[in-house]
Amino acid sequence: MKEESQKLIRSFGRIKSRKLSEHKKSLLENPLKHYSLEFPLLKNQQPAILEIGFGFGDFIFEKAKKNPEKNFFGCEPHLNGVVNLLSKLEIEPLKNIQISLKDSRLLLEEFPEKFFDEIYILFPDPWPKTKHFKRRLLTRKFFDKILSPKIKTGGKLVIATDHDSYKTWILAEFLRSEKFSWDAKSKKDWQIFPKDWVKTKYQKKAEIESRLPIIFNLTHHD
Numbered sequence: 004m005k006e007e008s009q010k011l012i013r014s015f016g017r018i019k020s021r022k023l024s025e026h027k028k029s030l031l032e033n034p035l036k037h038y039s040l041e042f043p044l045l046k047n048q049q050p051a052i053l054e055i056g057f058g059f060g061d062f063i064f065e066k067a068k069k070n071p072e073k074n075f076f077g078c079e080p081h082l083n084g085v086v087n088l089l090s091k092l093e094i095e096p097l098k099n100i101q102i103s104l105k106d107s108r109l110l111l112e113e114f115p116e117k118f119f120d121e122i123y124i125l126f127p128d129p130w131p132k133t134k135h136f137k138r139r140l141l142t143r144k145f146f147d148k149i150l151s152p153k154i155k156t157g158g159k160l161v162i163a164t165d166h167d168s169y170k171t172w173i174l175a176e177f178l179r180s181e182k183f184s185w186d187a188k189s190k191k192d193w194q195i196f197p198k199d200w201v202k203t204k205y206q207k208k209a210e211i212e213s214r215l216p217i218i219f220n221l222t223h224h225d
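In this text, residue positions in the sequence shown follow the numbering used here: the first is 4, and each later residue adds one.
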């Protein structure tokens with residue numbers, strides 16, 4: 004695993020942006036252990052939902068709270084984001100959520116095949132500079148070799164971004180995919196978010212700055 008980790012090109016930025024208070028540091032100990040994916044997976048037949056890069060935890064927390072009949076899994080290497088989610092869980096504990104600080108590509112290896120009903124990747128780092136394109140997470144290889152084995156046939160992959168260059172990149176990559184098809188039938192299908200959608204911090208920021216977020220809804224097939 005260590006050798007494989009060294010081969011991966013990092014797809015995320017800093018793991019900590021602000022100094023953590025003593026209380027927040029403590030959240031990374033006992034509360035994180037309680038919700039950690041290092042422990043056995045939630046054992047039941049409920050639908051399994053994964054959010055890759057959950058940021059500050061707004062989406063996964065609200066979805067898990069409103070859908071207790073589903074199991075939610077999330078990964079996020081950014082410590083400030085993880086602490087923010089743990090702070091929410093400290094106030095409102097949930098029994099249907101587990102999280103990890105691991106790189107998503109390594110974490111996915113630990114799940115059984117055909118495990119997830121839905122996977123969300125919301126506002127991933129666009130790495131806008133050409134020299135950093137190699138760090139972009141969303142590639143055909145990522146779709147077909149890493150995500151595909153872990154998502155059920157007919158399962159949903161949902162991607163959102165507000166970055167124009169990355170919109171074009173993502174579209175080109177998944178249209179080349181052999182494992183996912185695009186659900187869109189008209190322009191509104193990628194411009195209008197679902198009524199029960201939970202806006203993330205990054206989506207709100209994009210809208211304030213007059214950037215148009217779009218959503219890609221994909222269906223997995225063998």
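Built from N, CA and C at the ideal position, the CB exists for glycine as well.
If residue i sits next to residue j, beta carbons under 8 Å apart, how far is it from one beta carbon to the other, in whole angstroms?
i       : j       : result
Leu-221 : Lys-155 : Not a contact, Cβ separation roughly 13 Å.
Thr-142 : Glu-176 : 5 Å
Tyr-38  : Leu-92  : 6 Å
Can you look up residue i in the DSSP assignment and give me helix, strand or coil?
i       : result
Gln-48  : coil
Lys-193 : Strictly speaking, residue 193 in this sequence is Trp, with Lys absent from that position. Trp-193: helix per DSSP, three-state reduction.
Thr-142 : coil
Asp-225 : coil
Gly-56  : coil
Asp-128 : coil
Asp-147 : helix
Asn-99  : coil
Lys-204 : helix
Glu-72  : coil
Lys-188 : coil
Asp-199 : coil
Lys-5   : Low local confidence applies: a pLDDT of 41 at Lys-5 is under 50, so the model's placement there is unreliable, and no value is given.
Should residue i and residue j be called a contact, given that it needs their Cβ atoms to be closer than 7 Å?
i       : j       : result
Gly-77  : Ile-63  : yes
Glu-121 : Ile-52  : yes
Gly-60  : Leu-88  : yes
Phe-119 : Lys-148 : no
Val-85  : Glu-79  : yes
Glu-65  : Val-201 : yes
Any idea if residue i is buried or exposed, counting beta-carbon neighbours within 10 angstroms, 16 or more meaning buried?
i       : result
Ile-102 : buried
Leu-82  : buried
Thr-203 : buried
Gly-56  : buried
Pro-129 : buried
Glu-72  : exposed
Pro-131 : exposed
His-224 : exposed
Pro-115 : exposed
Arg-179 : exposed
Glu-54  : buried
Ile-211 : exposed
Ser-236 : Summary: the structure shown does not reach residue 236, with the chain confined to residues 4 through 225, and so no result is reported for it.
Gly-58  : buried
Between residue i and the rest of its own chain, which residues show a CB-CB distance below 8 Å, the 5 nearest in sequence each way excluded?
i       : result
Gln-206 : Leu-125, Phe-126, Ala-163, Asp-165, Pro-216
Lys-69  : Asp-199
Val-161 : Glu-121, Ile-122, Tyr-123, Ile-124, Leu-125, Ile-218, Phe-219, Asn-220, Leu-221
Considering only residues of the same chain and omitting the five flanking positions on each side of residue i, which have a CB-CB separation below 6 Å?
i       : result
Gln-9   : Its pLDDT being 43, under 50, Gln-9 is placed unreliably in this model, and the value from its coordinates should be taken loosely. Nothing meets the Cβ criterion.
Ala-187 : Trp-193
If we cut at 7 Å on Cβ distances, does residue i have a partner in chain D?
i       : result
Lys-188 : Any reference to chain D falls outside this structure, which holds one protein chain only.
Leaving out the 5 sequence neighbours to the left and right, which residues in its chain are closer than 7 Å to residue i when beta-carbon positions are compared?
i       : result
Lys-170 : Thr-164, Ile-217
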